[in-house]
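Scroll down for the structure; my scribbles are underneath it.
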Amino acid sequence: MTALSDEPDITADAFVDADGGEPHTASPTDTRTAFFGSILPGVGLAAAIAALAFGLRQLPGLGTFSPMIIAILIGILFHNLIGTPAVAKPGVGFSMRRILRFAIILLGLQLTAAQVIEVGGTGVAIIIATLLSTFTFTVWCGKRLGVERKLAELIAAGTSICGASAVIATNTVTNAHDEDVAYAVACVTIFGSIAMFAYPFLAPLLGLGPHAFGLWTGASVHEIAQVVAAAYQNGAEAGEFGTIAKLSRVMMLAPVVLGLGILARERLAASGNSAARAPIPWFVLGFIALVGVNSLVAIPESAKSEIALGTTFLLSMALAAMGLETDVRKLMAEGLRPALLGLLAFLFISTFSLTLVKLFF
């Protein structure tokens, strides 16, 4: 088990001659060869698990689950039943950090400013108010329940923004343990799935029209796939509006992660810990830049679809890698309080967003 901030110990600056001679400085080519050779087994294992997750989604009943969620479950099973090989460790670490950050940058190509405009000023205000209130409530409630702050922030991000993607993006600055990431992903999966099945039945009882139901779904259900599955149950109009509302919510990922990074640095500075500095997630600026590119440049839909598929695959690799570092015994040691926190966060975001939709939309 490693924290996300740990860098793999991969160096190739010096080599010793086979006959026991003096070390000599490695050439740039030798260094690159040693580096790629060291990460290849772990990256290959994470990629294989991600591919298996994509394949399993074709089975009946699994199509509504994100391949990212399936990938982390497979990774956990592999690590705890077979064991992650030592030779794979550097590549697993590389997948959890470098590949993850690159995938988050690519997420920007799935969003445009026009989508936010289509939701409308009132809709965007409801989404932002719901996100901020849910995040604040979850962190506050976690403190009252005695849930460790980093885990509470992961559950808050996953519930208020966009499920597993938000959990792993937020962990680039919170640096929680892999077991915390797995627990948070489990919470957003379970409660998001409950919402996915329950919301369509509640729509007629609550008197929600297609746009109102789509906005409620997009503003409160955890994963994009869960939003699509729930919203389209009430027709194409509700499905399309729910998807756009959800994508507008995903766009809030960048400022939230940047803000958490700044707060983490301030906490460390206030504690007098000058040796440790929380990272500023500069890769989020790449995410914002690609949102701008996608808003201004006409990218062919076929290319965007392929990029979206590749992005999901890379995110699945990152979650598979986290699963390969997750010890189930440590996961169970977290107890039921984080699960209770996930439930309370789910109930809050559902009722708070519904209230705003009924009052103002």
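Per the working numbering, residue 62 is the first one in the sequence shown, and the count goes up by one each step. Each residue gets a CB set at the ideal place from its N, CA and C atoms; glycine is no exception.
Handout entry: Secondary structure, alpha helix (DSSP H): runs of 4+ residues fully inside the region 307-389
Key = 314-331, 344-357, 362-384
Problem - Contact set for A243: own chain, Cβ-Cβ below 8 Å, skip 5 residues either direction - result: Here residue 243 refers to the residue found at position 182 of the sequence shown. Hits under 8 Å: I133, I137, M383, G384, T387, L392.
Handout entry: Chain-order list of residues whose beta-carbon lies under 8 Å from that of G296 (same chain, five-residue window excluded)
Key = Against the sequence shown, residue 296 aligns to sequence position 235. Cβ within range, chain order: P271.
Problem - the region 349-365 contacting the region 110-126, beta-carbon criterion three pairs below 8 Å - result: no
Handout entry: Contact between the region 297-307 and the region 266-281 (3+ Cβ pairs under 8 Å)
Key = yes
Problem - For A107, the first and last residue of its enclosing alpha helix (DSSP H) - result: Translated into positions along the sequence shown, residue 107 becomes position 46. First-last of the alpha helix (DSSP H) with A107: 89-117.
Practice task
Mark S360 as exposed unless 16 or more other C-beta atoms lie within 10 angstroms of its C-beta, in which case mark it buried.
Solution key: Your numbering for residue 360 matches position 299 in the sequence shown. Correcting the residue type first, residue 360 is Ile in the shown sequence and not Ser. When all chains shown are included, I360 counts as exposed.
Practice task
Could you tell me the distance, in whole angstroms, from the CA atom of M157 to the CA atom of I222?
Solution key: Within the sequence shown, residue 157 is the residue found at index 96, counting from 1. Within the sequence shown, residue 222 is the residue found at index 161, counting from 1. Spanning the two alpha carbons is a distance of roughly 20 Å.
Handout entry: Segment contact flag, the region 405-414 with the region 178-185, C-beta cutoff 8 Å, min 3 pairs
Key = no
Problem - Beta-carbon proximity list for V177, same chain, < 8 Å, skipping 5 on both sides - result: As a first step, residue 177 is located in the sequence shown; it is residue number 116 there, counting from the start. The answer, listed in chain order, is V185, S309, M312.
Problem - C-beta atoms of I187 and F374 nearer than 8 Å - result: Position 126 of the sequence shown, counted from the first residue, corresponds to residue 187. Position 313 of the sequence shown, counted from the first residue, corresponds to residue 374. It is not a contact, given that the beta carbons lie outside the stated cut-off.
Practice task
Would you identify the three-state DSSP class for E214, choosing helix, strand or coil?
Solution key: Start at 1 with the first residue of the sequence shown, and residue 214 comes out as number 153. If DSSP states are grouped into helix, strand and coil, E214 belongs with the helices.
Problem - Inter-stretch contact at 8 Å, needing at least 3 Cβ pairs: the region 315-328 / the region 282-290 - result: no
Exercise for the section: Determine the burial state of L65: buried for a count of at least 16 other Cβ atoms within 10 Å of its Cβ, exposed for fewer. Expected result: Residue mapping note: residue 65 aligns to position 4 of the sequence shown, counting from 1. Here the model assigns L65 a pLDDT of 47, short of 50, so the residue's position is not dependable and the matter cannot be decided.
Problem - Simplified DSSP state of G403, which is helix, strand or coil - result: Along the sequence shown, read from residue 1 onward, the residue named residue 403 stands at position 342. Here G403 sits in helix by DSSP.
Practice task
May I ask you to verify whether the region 213-229 touches the region 119-132, counting CB pairs closer than 8 Å and requiring at least 3?
Solution key: yes
Exercise for the section: Compare the Cα-Cα distances from R118 to each of S377, L193, G105, V234 and report the closest residue. Expected result: Residue numbering aside, residue 118 sits at position 57 when the sequence shown is read from its first letter. When only C-alpha atoms are compared, the closest one is S377.
Exercise for the section: Identify which residue in R210, L402, G300 has its Cα closest to the Cα of Y260. Expected result: Locating residue 260 in the sequence shown gives position 199, counting from the first residue. Comparing Cα positions, the closest option is G300.
Handout entry: Assigned secondary structure, H283 (DSSP; H/G/I helix, E/B strand, else coil)
Key = Counting from one through the sequence shown, the residue named residue 283 turns up at place 222. H283 falls in the coil class under three-state DSSP.
Handout entry: Pick from A406, L402, L415 that is closest to G207, judged by C-alpha positions
Key = In the sequence shown, residue 207 corresponds to position 146, counting from 1. It is L402 whose Cα lies nearest to the Cα of G207.
Handout entry: alpha helix (DSSP H) segment containing T183, residue limits
Key = Reading the sequence shown from its first residue, position 122 is the one you call residue 183. Taken as a continuous stretch (DSSP letters only), the alpha helix (DSSP H) holding T183 covers 182-206.
Handout entry: Closer than 7 Å: D241 CB and nearest the ligand PLP heavy atom
Key = As for the ligand PLP, it is missing from this structure, which has no ligand bound.
Problem - Contact check, T235 vs L215, beta carbons under 8 Å - result: Mapped onto the sequence shown, residue 235 falls at position 174. Mapped onto the sequence shown, residue 215 falls at position 154. Their beta carbons are under 8 Å apart, which means T235 touches L215 by this criterion.
Problem - Cβ pair count under 8 Å reaching 3, the region 147-156 against the region 92-105 - result: yes
Problem - Start-to-end residues for the alpha helix (DSSP H) that takes in R162 - result: Here the question's residue 162 lines up with position 101 in the sequence shown. Residues 161-167.
Handout entry: Proximity of V352 and G169 at Cβ, strictly below 8 Å
Key = As a first step, residue 352 is located in the sequence shown; it is residue number 291 there, counting from the start. As a first step, residue 169 is located in the sequence shown; it is residue number 108 there, counting from the start. In contact: V352 and G169 (Cβ atoms closer than 8 Å).
Practice task
For the alpha helix (DSSP H) holding I137, just list the boundary residues, first then last.
Solution key: Your numbering for residue 137 matches position 76 in the sequence shown. Note, I137: alpha helix (DSSP H), 128-142.
Exercise for the section: Could you give the DSSP three-state label for F422: helix, strand or coil? Expected result: Sequence index remark: in the sequence shown, residue 422 carries index 361 (1-based). Coil at F422, not helix or strand.
Exercise for the section: Could you tell me how far apart the beta carbons of T220 and F407 are, in whole angstroms, since I believe they sit closer than 8 Å? Expected result: Looking up residue 220 in the sequence shown gives position 159. Looking up residue 407 in the sequence shown gives position 346. At roughly 6 Å, the Cβ-Cβ gap stays under 8 Å, so T220 and F407 are in contact.
Handout entry: Straight-line Cα distance separating A213 from G268
Key = The residue given as residue 268 occupies position 207 in the sequence shown. The residue given as residue 213 occupies position 152 in the sequence shown. Cα to Cα, G268 sits roughly 34 Å from A213.
Handout entry: Helix, strand or coil at E298 according to DSSP, with G and I counted as helix
Key = As a working mapping, residue 298 is identified with position 237 in the sequence shown. Of the three classes helix, strand and coil, the one that applies to E298 here is helix, per DSSP.
Handout entry: Reduced DSSP category for P146 - H, G, I as helix; E, B as strand; rest coil
Key = Working through the sequence shown from its first residue, we reach residue 146 at position 85. If DSSP states are grouped into helix, strand and coil, P146 belongs with coil.
Problem - Simplified DSSP state of T173, which is helix, strand or coil - result: As a working note, residue 173 is residue 112 in the sequence shown. DSSP places T173 in coil when its eight states are reduced to three.
Exercise for the section: Tell me whether T125 sits in a helix, a strand or coil according to DSSP, three-state version. Expected result: If you number the sequence shown from 1, residue 125 lands on position 64. If DSSP states are grouped into helix, strand and coil, T125 belongs with coil.
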